[in-house]
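Residue numbers (my numbering), protein chains in the order written: chain A, 1 to 154; chain B, 1001 to 1150; chain C, 2001 to 2268; chain D, 3001 to 3787.
First comes the structure, then the notes that go with it.
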Amino acid sequence: MQIKLTVNGKEYSHDVEPRLSLTHYLREVLDLTGTHIGCDTSSCGACTVLLDGRAVKSCTLLAVQADGCEIITIEGMANGSELHPIQAAFKEEHGLQCGFCTPGMVMTAADILKNNPTPTEAEIRHGLEGNYCRCTGYHNIVKSVQRAAETLNQ
Amino acid sequence: MKISGKYVMDAPVEKVWKMINDPGVLEKITPGVKRLISKGDDQYEAVSEVKIGPVRGRFEGALHLKDKEEQQRMVVALDQKSRMGNALAEIGIQLHPLEDGQTEIHYTGDVKMSGMLGRMGQRIIGGVVSTLSKQFFAALTELIQKEEEE
Amino acid sequence: MIPTKFDYKKASSISEAVALLKEHGYDAKILAGGHSLIPAMKLRLNSPGVLIDISGIEGMNKIEEDGDAVIVGANCTHQQIASSGLIQKEVNILSQTASTIGDVQVRNCGTIGGSLAHSDPAADYPATVLACDAQIVVEGGGGSRVIAASDFFQGIYTTALEDDEIIVAVKFPKVRKGSYQKFYQSASRFAVVGVAAVQAPDGGIRVGVTGVADTPYRATAVEAAYDGSSSAASHAVDGVEVMSDHFADAEYRAHLAKVMARRALEAL
Amino acid sequence: MGKFIGKSIKRREDARFLTGKGKYTDDIKLPNMAHAAFVRSPYAHARILNVDTTAAKIAEGVVAVYTAADGPGDYGVPCGWQVNFKNGDTMREPQHPLLAKGKVRHVGEPVAIVIAESLALARDAAELVDVEYEELPAVTNPKAAMQAGAPLVHDDFPDNAAFDWCIGNDRAEVEAALDNAYHVTELEFINQRLAPNAIEPRSYIADYDVNGDKWTLYTSTQNPHLIRLLLCAFVLGIPEHKVRVVSYDVGGGFGSKIYHYIEEALLTWVSKQIARPVKWTADRSEAFLMDAHGRDHVVKSKMGFDKEGNIVAHLTDEYCSMGAYLSTFAPAVPTYLHGTLFQGLYKTPLIHVNVTAPFTHTCSVDAYRGAGRPEATYLIERLVSKGAKEMGMDPAEIRYKNFIPPFDGVNQPGYQTQVALQYDSGNYAPVLEKALEAIGYEDFRKEQEAARKEGKLLGLGISTWIEGCGIAPSAVVGALGARAGLYEVGHVRVQPTGKVSVYTGAHSHGQGHETVFAQFVADKLGIPMDDVEIVHGDTEQVAFGMGTYGSRSLAVGGSAIIKSIDKVLEKGAKIAAHKLEAAVEDLEYAEGKWTVKGTDKSIAFGDVSLTAYVPHDYPEGLEPGLDFSSFYDPSNFTFPFGAHLAIVEVCAETGKVTIKRFVTCDDVGNIMNPMIVDGQIHGGVVQGIGQALLEEVVYDESGQMITGSYMDYAMPRADNVPMIETHNTVTPCPHNPLGAKGAGEAGTIGSTPAVVNAVIDALWHLGVKDIQMPLTPQRVWKAMNQN
């Protein structure tokens, strides 16, 4: 089936099998391997991307469902070599270790901060409930989101 | 998983016993069962299509009615295989005559599932079994009523 | 995890979707948000031959006021419902309920119609739909009809929907006061127990319970015993066959139902 | 301290991870790559009657289908550690075949592998493989596995024991001391089975090069060299120099990616059969079934006290599951990584630990973050806290009373335990003092009292912990049954321009080696960090290595690098002396240059390195080049320690536990990068909280795993945990050049008992003395309402 969509500002058109997930489309067809797969049950959030501005789990969407949509992946966050403030905050606060959950965390943080520019710690933790991290104990991820909020609100 | 339950049928023991030993009836009232082919000696080959919420698939395997005590008890042994996993059940059924020509059916048993079904189905298996047995007895009740009317 | 092969049809109208359902019968599944269906397909627990995507049908994702009711399109996402000003004002309990479902990403995709049609025994909406005495508007081969909440849920994953019917909208009467209380299952974050209580126009209350039995139910014993205090909550599982699983056996689940019911009543 | 050591330098690896440019194995795509899918057993125990691959072989896109009959890797996957029976009998070591032969012994065991042009087609075809089984009874509980009549996991062994083992003092002596003790505290519980759950599932690509008759294996391992050794020398019998093992970015390990897995070997074998690259990446479901689990001990324990609360004796009997087969380091975990830690931080004079290690019809059990030490710490710290409660003592006071007095390992000797090990250095009271002060212990007790009057259930739990990290030396671990050395390799190659490439056999999968190692290398050489590159994870670049696990990388791997730096500086000094026309003894090295003492005559590091590679004006008889490799074999383990405190609130109505505060004070020796150490502690603590409150692999009685997905296996999430308040003291390791001890597992070891002790503290007045982990709301509620 033919689909047409915009990913990180670039338009693409491909003929895909209906059963191809959006994650596999990004990873296998577009070679955007920053979006990861960590589970089978829409639980871990490693595959989170922004679809028309909202965080979604791309492993639970078919590529055909994204036809006509605009998608931002982790690869589309930085402005050239300049990190997005959320990415920069994760670096400053050591909000990542093995890096595998990180793209999903950054994309979810973008959704959280878009809808609530000044979240409390509890709101951040609640907002991250769909993203698992096994390395950081979430401590520095929460601090990263707090720092990103400060930067974005300046 | 252990299961148990109790239903009252508006028919005498003789009739209920006859019905649940009749492959034609079982084929009609067992949820999902599409085909029941007798292999003799109370052994059947069963083919069913189960469609319950997230789970939908074709099951094939054996059904065996055993350890029978006429009009009192029997054991239904089910061994069903599918691509998503297998289901193995042994359900003991006891019939007790009640006054007014009714029959109380008691069942207790153990259901084991394997494969993806075994792993993913745990959260819902209790509810599924409960719904399936409700459907079974509802269909049995309906059939009894229908036969009464005829 | 990859599903088996299937055909994908994007319906542009409800009648087209219904026609496709009729055409493909058992082999077809409706795809709304897909957040229950696609995981099951990836695990190959479900392998429909045809998916009929209704997400693009115009007009199905609106939230509108209709006199004493609010009509929520079936394709409204949980997030849309949780953040709608109209719902927050007129049926606040619905917005509370929606905000407890899944997580941010799931709420951005999952829809109320999809959730109700799927009718997971631990889903959140059914409690609130029952308590609000909402009406489920469906359309199918036999035209459109309205199903009362109390008739809609029929068993585990079993609803009053006919094979060729699609939920179009849910009509919620405006509710002055209501509260949804949920005890989360720690892994899936579905409801171990969810209790919704609302003040009914007649001065009484209505209580819906999810997660406790294989079918969500109206806790009529609580409603009957309600005297303005929360003591009626002790009747939350009267006459109910309580489910048991790894996270909560029947005894504990029944206890939780009473606690959640009490909290819901206290919040009224 | 130099410019970089001890500073919270931001990580250099973050740039690629934050922009989606990390290179995890599943991100690699090779030309003409085929994909694999497995046919796995739905049963815990069954005879394989027939495998029919006919339909699968002719399915769309299928390249090949293999079963055990095709003879992959005849020898199976070996175990890397041998623990013999107490009576001297050899450990029972079943063959662990790459594909099941004749029988399957746990749910998920692979029976066939299907190779196809795409992953989707491989999955489709795998469903067409028809396997006929005869299901057999299974046993999943390790204690039950040792009962007479239990189903046998391996028919050729008369019972299910792989080995049994004990350590410590004479059992009779310990029992007598318990008989005579003023008070004896007892505990019986299961240290539950956990799934490691690195968020990146395991992933492998095997690429056979027909022309060179060589393989490249891309693998998500913590341990590339060891994988190559096991794969070549034991499983497939292929020459080691023909195999390159590459492990670029790895998305977390926590132990589960140490071991050599059957899929790794099988793919390597397959890629030669089909003469194509072939990839397999686990699903989460497969990870639950196949990635070596942790813990699973059935424990019975007694601790005796005298009237003052001094511990007089400790006796523990345990059944520790091995799973169906022996994973790479499995036998070491409940023995040398567990029994040897039963001294804890205490002076306990008499200790006896007895372990029986049975096979069960379950996934293999091996080292999972902490590996044996969390299990030891849990039972010791639960016993001490329970003993204090029973004797009406303060849990902090009883610990102070029993702590081993301070020793630095230099002026005072190391502390000889009753369970074989000699602690290197320790100063235990200060970590507890500092943690208690940070949490406001006295104030909390008042708050707890007041809260209780309002019906609120607050509790504070204390745990102290000690760990043996960087296990060594090789000769000793060899004597204990290890089939490998436990040294590390550090290679320092100074490039002609003075830039430095460091090759380490340690492997980073989140620990930040690329940054931390560069910090101390730059400091030791007095050069900018940007001039230092750390290379790891490629057997073709790094000479050899033992990988990263057991909190060993800095203490062992770092020390190996230091050894090479010392060699660089020693040779550099000779070159510098020649250039400066001075004696080596008259030079000093600082800030990247050699200076003739008391003069301003100096030569920079870069000039010396250039001279080494352009040796025109050069010391006579000295080899050109500045390139050294070293093997560092430590003289002892390192022994970090600490104290963890948790404050919890238990919901009286539902039994739900909320962690209000978590405070740590850990002593991990010298710290290179506090930011990274804190990060390690945070992550470890939350993993330990996961065990205490949420996580559990459950097999039902027929051996089905009923918590085999994230819908049923509860992982800690951001909203399950509070901020972790970290503190530290520093007691350097006396026997390695960095003075470092290790921090990777600390958090996991200390936190679990702290949380459980806190919950029991909150509920003790209700008669609750113990609750089985994980402390789910249901279990807590039932415990509260047991009377």
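For glycine and all other residues, C-beta sits at the position ideal for the given N, C-alpha and C.
Contact with chain C is absent for T1103 (chain B), since none of that chain's Cβ atoms lies less than 8 Å from the residue's Cβ. Among the residues facing chain B, M2243 (chain C) is included, as its CB has a counterpart in that chain under 8 Å away. Around the beta carbon of A3126 (chain D), a 10 Å sphere encloses 16 or more other beta carbons of the protein chains shown; the residue is thus reported as buried. Contact annotation for P117 (chain A) against chain D: no contact, minimum CB-CB distance about 19 Å [criterion: below 9 Å].
Rounded to whole angstroms, the gap between the alpha carbons of L113 (chain A) and V49 (chain A) is 15 Å. Put simply, the backbone Cα of G3304 (chain D) is about 14 Å away from that of V3353 (chain D). A distance below 8 Å separates the beta carbons of V3755 (chain D) and A3646 (chain D).
One thing to note: C44 (chain A) has its Cβ no nearer than 8 Å to the Cβ of I3706 (chain D). Under the 8 Å Cβ criterion, the segment 3396-3406 of chain D does not count as touching the segment 3353-3368 of chain D, having fewer than three qualifying pairs. Secondary-structure assignment with DSSP links K3300 (chain D) through a beta bridge to D:E3188 and D:D3317.
Across the set D:K3347, D:G3481 and D:E3437, the C-alpha of D:K3347 shows the shortest separation from the C-alpha of Y3415 (chain D). A residue is called buried once 16 or more other Cβ atoms fall within 10 Å of its Cβ, and A3069 (chain D), having fewer, is exposed. For the pair I1029 (chain B) and R1119 (chain B), the Cα-to-Cα distance works out to about 28 Å. Contact of V1055 (chain B) with chain C is assigned, a C-beta pair being separated by under 8 Å. By the Cβ-count criterion, Y2026 (chain C) is exposed, with fewer than 16 other Cβ atoms from all chains shown falling within 10 Å of its own Cβ. When the Cα atoms are used, V1025 (chain B) and R2262 (chain C) turn out to be separated by approximately 47 Å. Residue pairing from DSSP places E1049 (chain B) in a beta bridge opposite B:R1058. Per DSSP, P3110 (chain D) lies in no alpha helix (DSSP H); the unbroken beta strand (DSSP E) holding it starts and ends at P3110 to A3116. Under a criterion of Cβ atoms nearer than 7 Å, the residues of chain C adjacent to T1131 (chain B) are, in order, G2155, I2156, T2158 and D2214. For V3698 (chain D), the CB contacts under 6 Å within the same chain, skipping 5 residues up- and downstream, are I3706 and T3707 in chain order. Of all alpha-carbon atoms in D:V3333, D:L3315, D:D3317 and D:K3302, the one lying nearest the alpha-carbon of A3292 (chain D) is that of D:V3333.
Proximity of D2249 (chain C) to chain D, defined by a Cβ-Cβ separation below 8 Å, is satisfied.
Chain-ordered, the chain A residues with CB closer than 9 Å to the CB of I2002 (chain C) read R19, L20, S21 and H24.
Using a Cβ-Cβ distance cut-off of 8 Å, the segment 81-101 of chain A and the segment 3187-3204 of chain D are in contact, since at least three pairs of beta carbons, one from each stretch, lie closer than that value.
As summarised for the segment 1063-1135 of chain B, the continuous beta strand (DSSP E) elements at least 3 residues long and confined to that stretch are 1073-1082, 1085-1097 and 1103-1113, given in chain order. Comparing alpha carbon positions, the residue from D:L3569, D:Y3133, D:S3559 and D:L3194 closest to T3362 (chain D) is D:L3194.
With respect to T3067 (chain D), T3360 (chain D) sits apart: the two C-beta atoms are not nearer than 8 Å.
In this structure, DSSP gives M2260 (chain C) a helical state, which the three-state scheme calls helix. Going by beta carbons, E3381 (chain D) and T3316 (chain D) fall outside the 8 Å limit. Cα atoms of K2174 (chain C) and Q2088 (chain C): separation of roughly 11 Å, rounded to the nearest angstrom.
With respect to G3557 (chain D), T3504 (chain D) sits close: the two C-beta atoms are nearer than 8 Å.
By the CB criterion at 8 Å, V3668 (chain D) and S3751 (chain D) fall outside the cutoff.
K4 (chain A) has its alpha-carbon roughly 37 Å from the corresponding atom of T2158 (chain C). By the rule that beta-carbons nearer than 8 Å mark a contact, A109 (chain A) does not touch chain D. Here L3626 (chain D) is buried: its Cβ has 16 or more other Cβ atoms, across all protein chains shown, within 10 Å. Any Cβ of chain C closer than 8 Å to the Cβ of M1113 (chain B) would place that residue at the interface, and such an atom is absent.
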